[in-house]
Structure formats: C-alpha cells, structure tokens
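Count the sequence shown with my numbering and you get residues 6 to 116, in order. A short write-up of the structure that comes next.
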Amino acid sequence: MDIKKYLSISEVAERVHVKAHTLRYWEKEKLLKPERHSGLRKYSTKDIDLINEIKDLLYNKKITISGVKKILKGDKRVKDPQLKLFKDIQDISSLKAIKEDIKEILNILKQ
C-alpha cells in the first residue's frame, strides 16, 4: 500500500469533502497553513486532521470562524457559552476519535 506523505489541494478537497476554494479561504483566515513545495500547497496527515476538526467545529457544532480560531489557539478567555460547552466536551470527543482510530487500525491489522 503506497501512502503519499503530502497531498495536493484537489486530493485533500476530495478526501475531506470540501471545495478547494474553502480550503484556500481557511488558509486566508489563518486556520490552515499547509507547506508549500515549488509554490504548490501540500497537505500532510496532520493538516487533514486539522481540516476535519475545523469542519466539525463549523458544521456540526455551529461555531463561528472567530470561535474556531479561538479554540484552535487554545484561548482560555472564552466568553461564549457555546465555546465553554465545547471546551468541556472536547476531551470526551478526543477520546472517542482516538477510539475510532484504534478500531480502524485493528481492522487493517486483521486483514
């Protein structure tokens, strides 16, 4: 199985189900900072994880762009009640995500 270290913006857009212009917008808003190789954006698996986190915060938890920026920066002075609630459940969500990742790894290893 050949796993690429970096993916292009179009490959990432297809993988995470958002448009390439959305990724460029998030980059402009300082939510993403992919590496550049020969002037082209190249996304790592960490970038993809961050994109999925941003998507979850924006689309599932309905947090604003400015709220997402605060969360990603670890701002402790969060005043928005919705963000406070998110902080409380963030650890539980992280554990659930880790559990799902472990399940996927185990399934791959069983094959």
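Using N, Cα and C, we set each Cβ at its ideal position, and we do this for glycine too. As the structure is a prediction and not an experimental result, all values here were calculated from the model.
Same chain, Cβ closer than 7 Å to residue i, five either side skipped, listed in chain order
| i | result |
| --- | --- |
| M6 | Confidence at M6 is low in this model, with a pLDDT of 44, below 50, so the placement of that residue is unreliable and no value is reported for it. |
| K24 | A18 |
| D52 | L37, P39 |
Environment of residue i [buried if 16+ CB atoms lie within 10 Å]
| i | result |
| --- | --- |
| R20 | exposed |
| R46 | buried |
| L62 | buried |
| Y64 | exposed |
| G72 | buried |
| L28 | buried |
Three-state secondary structure (DSSP) of residue i
| i | result |
| --- | --- |
| K47 | strand |
| H22 | coil |
| L63 | helix |
| L111 | helix |
| L55 | helix |
| E117 | No answer is possible for residue 117: it lies beyond the span of the chain, which begins at 6 and ends at 116. |
Cβ distance (whole Å) where residue i is taken to contact residue j below 8 Å
| i | j | result |
| --- | --- | --- |
| K35 | K74 | 7 Å |
| E40 | Y11 | 7 Å |
Spatial neighbours of residue i in its chain, beta-carbon cut-off 8 Å, leaving aside the 5 residues before and after
| i | result |
| --- | --- |
| D106 | none |
| A42 | Sequence check: residue 42 is His here, not Ala. Cβ within range, chain order: Y11. |
Cβ-based neighbour list, residue i, same chain, cut-off 6 Å, excluding 5 preceding and 5 following
| i | result |
| --- | --- |
| E58 | none |
Check: residue i C-beta below 7 Å from any heavy atom of the ligand FAD
| i | result |
| --- | --- |
| L114 | For the ligand FAD, the structure offers nothing, since it holds no ligand at all. |
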